[in-house]
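Number of protein chains: 2
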Amino acid sequence: MIRVAFVGLGAMGLPMASNLLRKGFTVTGFDLSANALNALEDAGGKRAGSASEAATEADALILMVVNAAQAEAVLFEGGALETLRENGVVVLMATCPPAAVEAIEERVRRAGRRLIDAPVSGGVAGAKAATLTIMAAGPRDTFEVVKPVFDAMGDKVFHVGERPGQGAMVKTVNQLLCGVHIAVVAEAFALASKVGVDLNILLQIMSGSAASSWMLKDRGPRMLQSAPEVTSAVDIFVKDLGIVLDAGRDTKAALPLAAAAHQMFLAASGRGDGQEDDSQVIRSYLALNGIK
Amino acid sequence: MIRVAFVGLGAMGLPMASNLLRKGFTVTGFDLSANALNALEDAGGKRAGSASEAATEADALILMVVNAAQAEAVLFEGGALETLRENGVVVLMATCPPAAVEAIEERVRRAGRRLIDAPVSGGVAGAKAATLTIMAAGPRDTFEVVKPVFDAMGDKVFHVGERPGQGAMVKTVNQLLCGVHIAVVAEAFALASKVGVDLNILLQIMSGSAASSWMLKDRGPRMLQSAPEVTSAVDIFVKDLGIVLDAGRDTKAALPLAAAAHQMFLAASGRGDGQEDDSQVIRSYLALNGIK
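Line order of the protein sequences matches chains G and S. Quick note on numbering: this note's numbering labels position 144 of the first sequence as 151, and the sequence is numbered without any gaps. Quick note on numbering: this note's numbering labels position 22 of the second sequence as 29, and the sequence is numbered without any gaps.
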């Protein structure tokens with residue numbers, strides 16, 4: 008059984024590491040939060056004083072940090088890449104732009120280590136229940152080395168391609184669909200409200216028709232509230248659709264729907280609604296079309 | 008039990024009229040097709056020689072014709088509005104632009120009759136199984152008069168508003184969501200294919216995630232075929248998103264996502280793919296982004 012180093016023990020990382028321990032893996036973890044390290048120890052893991060200490064003697068180094076910049080800091084500035092054993096596998100599970108993953112992979116490879124790109128979806132609930140969707144990319148033989156680790160954390164483990172960055176692209180495409188699906192519900196509601204259609208009945212009808220989407224059913228009800236609970240903020244989609252459009256620029260792909268949707272989230276953030284629930288992108292449509 | 012005249016006995020209309028007969032309604036029908044009239048008689052209905060003859064003595068005149076122009080021709084040129092009894096109810100079930108419905112309703116009202124605007128969704132299968140979704144608008148008391156008729160043809164009957172045209176708007180909004188949902192899947196596939204992600208695996212992942220939509224699951228698989236079966240043509244969405252944008256113009260609502268999606272269907276039709284399956288809007292993205 009491979010020895011795992013785990014850096015980034017936040018809301019997602021801690022339950023993921025706990026599931027590894029539950030399945031019998033040896034896990035040495037590092038996080039800037041002492042509370043997170045205490046919790047890891049309670050779950051049976053070992054604490055390290057730094058990322059490079061955690062990576063020492065490990066076969067796989069899992070990075071569940073916030074973004075690509077943090078991953079780079081851990082690997083290249085914090086020294087974890089050097090302490091990871093020769094030919095060890097860096098498992099980059101944070102959500103990063105595809106181009107950043109490609110750049111990181113190149114540096115990891117030049118240092119004689121390997122990288123698997125493996126973003127996740129399923130949220131904190133999926134992390135706790137070990138039901139994450141894991142979208143892994145990298146050479147098949149490297150993927151096979153860490154597959155037992157993935158199977159301990161998720162129940163929908165996909166090998167989406169041979170090149171690191173392809174996993175990040177699948178996650179990027181996922182966010183493209185999610186962001187446009189939210190914005191188009193707002194666009195539909197704005198049009199219907201122009202002629203006084205009852206939006207609650209409209210939502211009920213659309214939820215049961217070919218017009219339905221996961222986002223329609225989830226965000227639709229909150230779109231009809233003036234100050235709903237924040238489950239995910241407008242600024243998350245400002246960032247994520249930004250990553251989508253960056254991926255479009257890097258690959259030279261025109262993405263007219265994603266670009267238009269991004270503008271609506273951006274405007275919402277610009278009006279001061281960045282920390283509101285992302286369903287409130289509807290306020291951009293209301294403002295634009297002069298609907299009270 | 009109210010007496011029903013039924014004009015437009017096509018793929019949808021005939022099974023709808025048959026369901027009315029099965030529930031004990033008296034139905035007198037008209038269609039330009041002799042075969043359709045024979046089939047109505049076989050189902051227990053009466054045939055008429057014209058729309059105005061069918062409407063004579065009827066309490067409700069159902070129009071299941073192709074578009075608003077045909078509805079106008081039946082009512083105002085064919086004379087059916089005059090033969091329908093005073094205060095009788097015109098039930099406009101064809102898919103029409105909201106503004107056209109409002110114009111028709113005004114003329115019907117001035118002639119001393121009433122109008123309920125009641126487009127449907129659910130397709131031929133729903134028409135046969137009496138499981139249509141019916142989106143009816145008009146004064147509540149008028150709606151109640153014809154509700155037993157609706158209940159005989161559908162199982163999801165909604166009163167969406169007091170003003171005729173609001174039903175058409177709900178149907179319009181439905182098509183806005185459907186059209187954008189198809190186009191955004193094509194946009195997502197185009198981006199992913201730029202980096203060689205396996206699109207079959209991508210579709211499988213997206214179908215089980217928050218990125219899912221009814222259209223993703225239905226059109227996604229056909230989008231990955233080069234010449235799929237045609238279940239609904241590109242030109243249907245050229246028309247339907249055209250109705251959406253007309254509704255936006257009439258109500259002065261900016262609809263950036265619907266407008267961008269319409270361009271992609273329009274370009275597909277312009278390249279000669281109008282009669283292809285609407286999933287083939289992906290060819291617009293492939294052409295635009297130079298993807299083989």
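C-beta: ideal position from N, C-alpha, C; glycine also. Values in this document were obtained by computation on a predicted structure and should not be read as measured data.
>> Counting C-beta neighbours from all protein chains within 10 Å, is the total for E109 of chain S 16 or more, i.e. buried, or is it exposed?
In response: Residue burial annotation: E109 of chain S is buried, with at least 16 other C-beta atoms found within 10 angstroms of its C-beta.
> Near A106 of chain S, which residues of its chain fall below 6 Å by C-beta distance, leaving aside the five closest residues on each side in sequence?
Replying inline: The residues are D257.
> Under the rule that 16 or more other beta-carbon atoms within 10 Å means buried, what is V14 of chain S, buried or exposed?
Replying inline: With at least 16 other beta carbons inside 10 angstroms of its own, V14 of chain S counts as buried.
>> With distance defined between alpha-carbon atoms, name the residue in S:K30, S:L39 and S:Q287 nearest to T238 of chain S.
In response: Looking at the Cα atoms, S:Q287 is the closest of the given residues.
>> Relative to the C-alpha of I69 of chain S, which candidate in S:R54, S:V34 and S:I208 has its C-alpha closest?
In response: Comparing Cα-Cα distances from I69 of chain S to each of S:R54, S:V34 and S:I208, the minimum goes to S:V34.
> What residue range is occupied by the uninterrupted alpha helix (DSSP H) comprising A75 of chain S?
Replying inline: Looking at the DSSP string, the run of the alpha helix (DSSP H) that includes A75 of chain S is A75 to E79.
> Where does A199 of chain S fall in DSSP's three states?
Replying inline: In the structure shown, A199 of chain S falls within a helical segment according to DSSP collapsed to helix, strand and coil.
>> Using a 10 Å radius around the Cβ and a threshold of 16 neighbouring Cβ atoms, would you call V73 of chain S buried or exposed?
In response: Here V73 of chain S is exposed: its Cβ has fewer than 16 other Cβ atoms, across all protein chains shown, within 10 Å.
> How many Å lie between E194 of chain S and L264 of chain G at the Cα?
Replying inline: If you take the alpha carbons of E194 of chain S and L264 of chain G, they lie about 8 Å apart.
> Run through DSSP, which three-state label would L68 of chain G get?
Replying inline: If DSSP states are grouped into helix, strand and coil, L68 of chain G belongs with the strands.
> With 16 as the cutoff for other CB atoms within 10 Å, does L39 of chain G come out buried or exposed?
Replying inline: When all chains shown are included, L39 of chain G counts as exposed.
> Between which two residues does the beta strand (DSSP E) carrying F32 of chain S extend?
Replying inline: Unbroken run through F32 of chain S: none, as it is neither H nor E.
> Can you tell me where the beta strand (DSSP E) with L223 of chain S in it begins and where it stops?
Replying inline: Counting along the chain, no beta strand (DSSP E) covers L223 of chain S; the unbroken alpha helix (DSSP H) around it starts and ends at W221 to M230.
> Name the residues in the segment 167 to 180 of chain G whose C-beta lies less than 8 Å from a C-beta of chain S; which are they?
Replying inline: Within the segment 167 to 180 of chain G, the qualifying residues are V167, G168, R170, G172, Q173, M176, V177, T179 and V180.
>> Measuring only the C-alpha atoms, how far is P171 of chain G from A234 of chain G?
In response: For P171 of chain G and A234 of chain G, the gap between their C-alpha atoms comes out near 41 Å.
> From F83 of chain G to L91 of chain G, what distance separates their C-alpha atoms?
Replying inline: Each residue's Cα considered, the two are about 12 Å apart.
> Per DSSP, G161 of chain S forms a beta bridge with which residues?
Replying inline: G161 of chain S pairs with S:L139.
> Under three-state DSSP, which class holds G168 of chain G?
Replying inline: Three-state DSSP puts G168 of chain G in a strand.
> Tell me which same chain residues have a C-beta within less than 8 Å of the C-beta of E169 of chain S, skipping the five on either side of it?
Replying inline: Excluding sequence neighbours, E169 of chain S sits near A144, G145, P146 and R147.
>> For a test of the three-state rule: what should DSSP assign to A12 of chain G, helix, strand or coil?
In response: Three-state result, A12 of chain G: strand.
> So, is the C-beta of K246 of chain S closer than 9 Å to a C-beta in chain G?
Replying inline: Answer no: the Cβ-Cβ gap between K246 of chain S and chain G never drops below 9 Å.
> What separation, rounded to the nearest whole angstrom, lies between the Cα atoms of Q232 of chain G and C185 of chain G?
Replying inline: Q232 of chain G and C185 of chain G have their C-alpha atoms roughly 20 Å apart.
> Would Q287 of chain G count as contacting chain S if we go by Cβ distances under 9 Å?
Replying inline: No - not a single Cβ of chain S is within 9 Å of the one on Q287 of chain G.
>> Give me the chain S residues within the contact set of N45 of chain G, using Cβ-Cβ distance strictly less than 9 Å, ordered along the chain.
In response: Ordered by position in chain S, no residue passes the 9 Å Cβ test against N45 of chain G, which lies about 32 Å from the chain.
> So is Q182 of chain G in contact with chain S if we call contact Cβ pairs under 9 Å?
Replying inline: Chain S, which has a Cβ nearer than 9 Å to the Cβ of Q182 of chain G, makes this yes.
> In this structure, does DSSP put R256 of chain S in helix, strand or coil?
Replying inline: If DSSP states are grouped into helix, strand and coil, R256 of chain S belongs with the helices.
> What in chain G is Cβ-close to C185 of chain S, meaning under 9 Å?
Replying inline: For a Cβ distance threshold of 9 Å, residue set S216, A217 and A218 of chain G lies close to C185 of chain S, ordered along the chain.
>> Is the beta carbon of A12 of chain G closer than 9 Å to that of A87 of chain G?
In response: In contact: A87 of chain G and A12 of chain G (Cβ atoms closer than 9 Å).
>> I need the DSSP call for K53 of chain S, collapsed to helix, strand or coil.
In response: In the three-state DSSP reduction, K53 of chain S falls in the strand class (E or B).
>> Would D284 of chain G and R229 of chain G be called neighbours here (beta carbons separated by less than 9 Å)?
In response: Taking 9 Å as the cut-off, the Cβ atoms of D284 of chain G and R229 of chain G count as close.
>> So with CB distances below 7 Å, who are the chain S contacts of F165 of chain G?
In response: The answer, in chain order, is I208 and I212.
> With C-beta atoms as the reference, is M222 of chain S less than 9 Å away from A217 of chain G?
Replying inline: With a cutoff of 9 Å on beta-carbon distance, M222 of chain S and A217 of chain G are scored as near each other.
> Are the C-beta of S128 of chain S and some C-beta of chain G separated by less than 9 Å?
Replying inline: Yes, because at least one Cβ of chain G sits closer than 9 Å to the Cβ of S128 of chain S.
> Taking H269 of chain G as the reference, which of G:L183, G:S220 and G:I298 has the closest Cα?
Replying inline: Among G:L183, G:S220 and G:I298, the Cα nearest to that of H269 of chain G belongs to G:L183.
> Is the shortest distance between the beta-carbon of K299 of chain G and the beta-carbons of chain S less than 9 Å?
Replying inline: Using beta-carbon distances, K299 of chain G does not count as an interface residue toward chain S, since no partner is under 9 Å.
>> Rounding to the nearest angstrom, what Cα-Cα distance links E93 of chain G and S291 of chain G in this structure?
In response: If you take the alpha carbons of E93 of chain G and S291 of chain G, they lie about 52 Å apart.
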